[in-house]
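Numbering (full-length UniProt numbering), first residue to last: 1 to 826. Read the structure below first, then the notes.
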């Protein structure tokens with residue numbers, strides 16, 4: 001062989017030959033005999049999955065290998081081929097493959113691989129199982145399908161636990177929890193506990209106890225009226241449930257009655273009365289309820305709890321200071337409460353907007369006054385609204401000295417002592433038993449006076465004044481000291497930061513120690529990086545956070561520029577640090593802490609538009625996020641926000657009350673019937689009578705319509721809309737839900753468009769989102785008015801005169817306007 005010729009078996013020649021063959025191989029498809037198609041996985045060389053590469057060798061992975069192996073075992077099982085073990089259960093025999101049993105079950109894996117006697121046996125007897133249960137489990141190992149029903153689930157669960165088939169156990173648990181209801185709750189709970197599925201450990205048990213407890217807590221009161229559940233429930237379980245904060249759905253009096261039902265069910269339980277009643281919260285009841293028990297004379301602990309509650313009821317003023325478990329609301333998580341401010345320059349009603357846990361807005365009753373509170377103070381879950389502006393008899397806004405206290409336990413308001421002077425645009429802080437009101441202004445003057453409210457005595461008194469006249473500043477309390485930042489002075493917008501230390505007397509100690517001087521004075525701290533006013537400040541994790549605001553440039557013309565920056569103050573180092581700025585700067589907004597994040601709500605944006613959006617700031621990551629929470633139902637400016645623990649039964653009671661009011665109003669004929677024409681890309685069109693209930697419009701479509709009956713449209717517009725004012729709402733998916741069905745509260749229709757919905761009389765705008773083009777027009781044509789009942793019922797209180805029945809002496813409010821009769825056809 002010549003030197004230049006290559007041997008066909010040389011290394012270089014082999015590589016070139018291999019590459020040529022490899023190229024041809026990639027163009028060929030792998031063809032299998034028809035008889036082996038069902039049992040052999042199909043290979044796809046044109047899109048291989050490479051798991052390893054060794055030189056020029058490629059490894060192909062079959063995507064159908066696992067399913068083909070399972071199909072092969074199923075075929076052998078159905079044809080009764082290669083069966084190598086027989087299992088004897090209740091005189092019935094089950095043939096199977098050892099290999100499959102070992103791969104599916106940890107029990108059989110140990111039996112067939114360890115040094116055990118059954119390893120050499122062809123027939124194995126299994127004790128403690130039923131043939132029905134094991135038959136389902138064996139079929140599940142071959143077919144991966146488990147048929148469950150209430151009559152057979154116990155036997156199947158027993159067999160799955162016996163052979164340690166985790167996936168089957170998990171399916172049984174999911175089935176039992178899904179089928180659980182009031183009728184079988186005791187049976188299902190006892191079954192799960194008998195198998196130890198409520199304990200921790202195995203993977204299939206994870207979450208079972210949590211889901212079981214969630215069902216029991218959500219239905220605790222109805223379950224306590226069922227004898228089988230009372231017989232099942234042990235003392236330990238009852239005490240655990242009564243001490244839980246997750247029983248927020250039920251008033252405390254219902255829990256009290258449920259506890260008495262448990263004691264009454266078995267006379268031998270009476271000796272546990274003291275243990276049971278000490279987990280009840282008698283201060284959340286009413287004086288008429290706390291003594292309604294036949295066990296009162298038998299239990300010393302019960303008498304002691306009742307006496308404590310009666311004393312609590314008598315101390316009306318001191319209740320915010322008496323913080324204990326007996327008067328603490330059952331709530332596992334705080335909610336965000338918004339106390340309404342303004343929409344533009346129009347006063348809205350003073351109802352409360354509550355952002356509930358499922359990210360839904362609720363509307364609750366507010367103080368009976370057209371008040372725009374400027375300051376909010378919270379003490380042990382009691383809310384104080386102070387000052388601000390209110391609508392006077394002359395139709396103008398005036399500074400207010402009124403103080404209201406809100407109790408979320410009963411959704412009730414209480415008028416407290418007025419401030420010494422009316423104030424607006426001032427700052428407040430709670431230290432000990434005192435609420436401090438600092439500086440502020442009226443329409444005519446700006447002042448520096450500071451006064452404090454004694455919660456125990458329900459009295460205001462002046463204290464050390466602020467160093468300068470100021471308004472538009474912000475205050476909050478950190479480590480027992482009141483910090484005041486920013487604001488507007490007689491000369492300009494301020495960067496100033498002052499701290500007020502009231503001393504130990506405000507903290508409830510009448511005689512401070514001699515080693516500690518009492519310092520009732522103001523002290524300057526490091527200034528902020530930016531001058532600002534009408535901003536918001538909040539304390540979180542030992543630091544102060546400042547958001548937004550404006551800076552007045554020319555005081556004569558009150559020209560201003562936005563200050564979107566965010567700053568944080570550390571009292572340890574007395575330094576301010578600039579953080580990430582808000583995506584959209586704003587002033588007059590609200591701020592609250594929820595789930596370790598700081599929420600910024602509403603306000604007047606720097607683009608001149610009022611906002612209903614919610615921004616969230618993460619202090620750990622120094623990042624802003626949008627659209628994590630639903631938008632507020634309306635755009636608000638000057639709102640006050642806080643985080644409150646709120647009982648869910650108040651919300652459910654409010655929902656039931658709205659349903660009753662809507663039904664009564666519609667049946668009484670006290671509503672004015674108008675025509676609501678819906679246009680939404682011609683999806684549907686209807687006419688419906690409408691009326692007003694509280695702050696909502698009531699819509700009743702005719703039977704068979706696309707809308708359900710009845711429905712409520714919560715209104716976000718001012719309560720003083722003149723009678724006959726035209727109103728339009730745009731339709732679409734939108735950011736704000738303005739229609740909620742009464743029959744199905746979860747079902748909603750959202751109205752918006754590529755524009756804004758506007759109250760044409762007050763020029764109040766609502767932000768709308770782009771989707772459907774269309775409009776809801778409230779027209780005037782009477783449709784099917786109900787006959788007046790003899791005698792006519794007394795008129796119900798209406799939230800707005802615009803929808804009230806027109807009297808004969810007044811012009812009818814049902815005259816349509818040209819703007820409303822022109823419907824946008826979309």
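The C-beta atom is built at its ideal place from N, Cα and C for all residues, glycine as well.
| said: Just to confirm the assignment, what range does the alpha helix (DSSP H) spanning residue 153 have? | reply: That run of the alpha helix (DSSP H) goes 153-162.
| request: Report the option in 503, 561, 493 whose CA atom is closest to the CA atom of residue 528. | output: Closest by alpha carbon: 493.
| task | Give the range of the beta strand (DSSP E) segment to which residue 599 is assigned. | result | Annotation: the continuous beta strand (DSSP E) that includes residue 599 extends over 597-601.
| said: At the level of alpha carbons, what is the spacing between residue 309 and residue 604? | reply: Rounded to the nearest whole angstrom, the C-alpha separation of residue 309 and residue 604 is 45 Å.
| Run through DSSP, which three-state label would residue 235 get? | Helix at residue 235.
| request: Pick helix, strand or coil for residue 628, following the three-state DSSP scheme. | output: Three-state result, residue 628: coil.
| field | CB of residue 385 within 8 Å of CB of residue 339, strictly | value | Cβ atoms of residue 385 and residue 339: closer than 8 Å.
| field | Where residue 496 falls, given that 16 or more other Cβ within 10 Å makes a residue buried | value | A buried status is given to residue 496, since no fewer than 16 other beta-carbon atoms sit within 10 Å of its beta-carbon.
| said: Quick check: the Cα distance between residue 400 and residue 639, rounded to an integer number of angstroms? | reply: If you draw a straight line from the Cα of residue 400 to the Cα of residue 639, it comes to about 16 Å.
| task | Please name the residue, chosen from 375, 397, 395, that lies closest to residue 419 on a Cα-to-Cα basis. | result | Residue 419 has its Cα closest to that of 375, out of 375, 397, 395.
| task | Compute the beta-carbon to beta-carbon distance between residue 879 and residue 397, rounded to the nearest angstrom, for a pair I have assumed lies under 8 Å. | result | In the structure displayed, the chain extends from 1 to 826; residue 879 sits before or after that span and is not available.
| task | Tell me, to the nearest whole angstrom, how far the beta carbon of residue 547 is from that of residue 522; I am working on the premise that it is less than 8 Å. | result | Not a contact, Cβ separation roughly 24 Å.
| query | Which of the three DSSP states, helix, strand or coil, is assigned to residue 521? | reply | Strand at residue 521.
| query | If residue 589 and residue 536 are in contact, beta carbons under 8 Å, what's the gap, nearest whole angstrom? | reply | The beta-carbon separation of residue 589 and residue 536, rounded to 6 Å, stays under the 8 Å limit for a contact.
| Considering only residues of the region 369-439, which uninterrupted alpha helix (DSSP H) runs meet the minimum length of 4 residues and lie entirely inside it, listed in chain order? | Within the region 369-439, no complete alpha helix (DSSP H) run reaches 4 residues.
| request: Run through the UniProt domain "BTB" (83-150) for me and flag every whole beta strand (DSSP E) of 3 or more residues, listed as ranges in chain order. | output: Listed in chain order, the complete beta strand (DSSP E) runs (minimum 3 residues) inside the UniProt domain "BTB" (83-150) are 85-89, 92-96, 123-125.
| query | Which same chain residues, not among the five before or five after residue 542, have their C-beta less than 6 Å away from its C-beta? | reply | In its own chain, leaving out the 5 sequence neighbours on each side, no residue places its CB closer than 6 Å to the CB of residue 542.
| request: Assign residue 633 to buried or exposed, taking buried as 16 or more other Cβ atoms, counted over all protein chains shown, within 10 Å of its Cβ. | output: The residue is buried, with at least 16 neighbouring Cβ atoms inside 10 Å.
| query | Is the beta carbon of residue 600 sitting closer than 8 Å to the one on residue 582? | reply | Yes. Within cutoff.
| message | Quick check on this structure: which residue in 129, 153, 108, 256 has the alpha carbon closest to the alpha carbon of residue 141? | response | Ranking the options by Cα distance to residue 141, first place goes to 108.
| Does the region 129-138 come within contact of the region 148-162, defined as at least 3 CB pairs closer than 8 Å? | In short, these stretches touch, since the Cβ pair count reaches three.
| query | What are the start and end residues of the alpha helix (DSSP H) that includes residue 270? | reply | Going by DSSP, residue 270 is part of no alpha helix (DSSP H) at all; its letter is neither H nor E.
| request: Please name the residue in 123, 545, 112 whose C-alpha comes closest to that of residue 95. | output: The residue with the shortest Cα to Cα distance from residue 95 is 123.
| task | Just grab the DSSP bridge partners of residue 478 for me. | result | Residue 478 pairs with 481.
| Nearest-angstrom Cβ-Cβ length linking residue 232 and residue 269, presumed shorter than 8 Å | Rounded, the Cβ-Cβ distance is 13 Å, inconsistent with contact.
| said: One question on the structure: do residue 301 and residue 646 come within less than 8 Å of each other, judged by their Cβ atoms? | reply: Taking a C-beta distance under 8 Å as the contact criterion, residue 301 and residue 646 do not qualify as a contact pair.
| request: Leaving aside the five residues before and after residue 287 along the sequence, list all residues of the same chain whose C-beta is less than 7 Å from its C-beta, in chain order. | output: Residues 310, 313 of the same chain have their beta carbon placed closer than 7 Å to that of residue 287, with the five preceding and five following residues left out of the count.
| query | Using CA coordinates, which residue listed in 552, 585, 551, 570 is at the minimum distance from residue 564? | reply | Taking only the C-alpha atoms, the option nearest residue 564 is 585.
| message | Please return the same chain residues whose Cβ sits closer than 6 Å to the Cβ of residue 104, not counting the five positions on each side in sequence. | response | If we look at residue 104 and ignore the five residues flanking it on each side, its Cβ neighbours are 141.
| query | What residue does the beta strand (DSSP E) around residue 211 start on, and which one ends it? | reply | Per DSSP, residue 211 belongs to no beta strand (DSSP E); it is in the alpha helix (DSSP H), 208-218.
| Thinking just about the alpha-carbon of each residue, which of 326, 648, 454 is nearest to the one in residue 307? | The option with the nearest alpha carbon to residue 307 is 326.
| Since residue 388 and residue 372 are thought to touch, with beta carbons under 8 Å apart, how far apart are those beta carbons, to the nearest angstrom? | Cβ-Cβ separation between residue 388 and residue 372: approximately 5 Å, consistent with a contact (criterion under 8 Å).
| message | DSSP has residue 460 in a bridge; who is on the other side? | response | DSSP lists 453 as partners of residue 460.
| message | Give me the residue from 427, 381, 434 with the minimum Cα distance to residue 323. | response | The option with the nearest alpha carbon to residue 323 is 381.
| field | Residue span of the alpha helix (DSSP H) that contains residue 174, given as start and end | value | Looking at the DSSP string, the run of the alpha helix (DSSP H) that includes residue 174 is 166-179.
| Can you list the beta strand (DSSP E) stretches of 3 or more residues lying completely in the region 288-368, in chain order? | Under the rule that a run must span 3 or more residues, the beta strand (DSSP E) segments found entirely inside the region 288-368 read 335-339, 352-356, 360-364.
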